[in-house]
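So the protein sequences, as listed, match chains G and D.
Going by my numbering, the first residue of the first sequence is number 23, and it counts up by one from there.
Going by my numbering, the first residue of the second sequence is number 23, and it counts up by one from there.
2 protein chains.
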Amino acid sequence: MRATVLVRPKPGILDPQGEAVQSSLRHLGFAVEEARVGRVVDLELEGEDPERARAELERMCQQLLANPLIESFEISVAAE
Amino acid sequence: MRATVLVRPKPGILDPQGEAVQSSLRHLGFAVEEARVGRVVDLELEGEDPERARAELERMCQQLLANPLIESFEISVAAE
């Protein structure tokens with residue numbers, strides 16, 4: 023079962039990588055007001071139960087994929 | 023205008039970060055067959071024309087946000 027997790031810096035949290043990207047894009051001539059950079063994690067999971075997968079993914083995020091203090095996460099499980 | 027770009031390692035391209043995530047998740051007891059890690063870039067763009075925004079984003083990806091040799095990118099522009 024395929025799943026995707028998006029991990030983003032929470033609003034208000036400093037994002038130096040995003041600032042660098044914004045600055046570089048503006049130097050290249052692009053009209054960018056803000057850029058924020060996070061991670062996308064694509065996972066192939068064993069098992070076929072989407073509800074169980076979602077619960078597992080939630081725990082993965084809490085334990086490893088995200089830092090819940092400063093990052094938010096968004097889970098999507100592929101319908102099959 | 024808000025837009026999101028997902029940048030992922032292309033299939034077949036080595037992804038050490040993904041391998042580390044997979045290995046760590048398995049050590050934590052999660053049944054993960056594969057993990058691939060990429061970046062999500064959220065952008066706030068000037069202008070209100072979604073078609074033009076998409077063309078600009080394509081150029082941003084080619085020039086800065088992605089390495090087209092080894093990464094694929096996926097652009098979505100928020101409907102407003």
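All residues carry an ideal CB built from backbone N, CA and C; glycine is no exception.
None of the values given here were measured: they were computed from a predicted structure.
- Contact annotation: residue 30(D) and residue 29(G) have beta-carbon atoms that are not nearer than 8 Å.
- Secondary structure at residue 31(G): strand, using DSSP grouped into helix, strand and coil.
- Residue range 38-49 is occupied by the alpha helix (DSSP H) that includes residue 40(D).
- Along the stretch 52-72 of chain D, going in chain order, the ones with a CB nearer than 7 Å to a CB of chain G are 52, 53, 54, 55, 56, 57, 58, 59, 60, 61, 62, 63, 64, 65, 66, 67, 68 and 69.
- Short of 7 Å from the beta carbon of residue 84(D), and not among the five residues preceding or following it, lie these beta carbons of its own chain, in chain order: 90.
- In the DSSP assignment, residue 75(G) falls within the alpha helix (DSSP H) that extends over 72-82.
- Contact of residue 48(G) with chain D by beta-carbon distance below 9 Å is absent, the smallest such distance being about 10 Å.
- Identification of residues in the stretch 76-99 of chain G having a C-beta nearer than 8 Å to some C-beta of chain D yields 78, 81, 82, 85, 86 and 87, given in sequence order.
- In the three-state scheme derived from DSSP, where H, G and I count as helix and E and B as strand, residue 91(G) is classed as coil.
- The continuous beta strand (DSSP E) containing residue 65(D) extends over residues 54-67.
- Under DSSP, residue 25(G) shares a beta bridge with 65(G) and 99(G).
- Rounded to whole angstroms, the separation of the alpha carbons of residue 64(D) and residue 96(G) is 14 Å.
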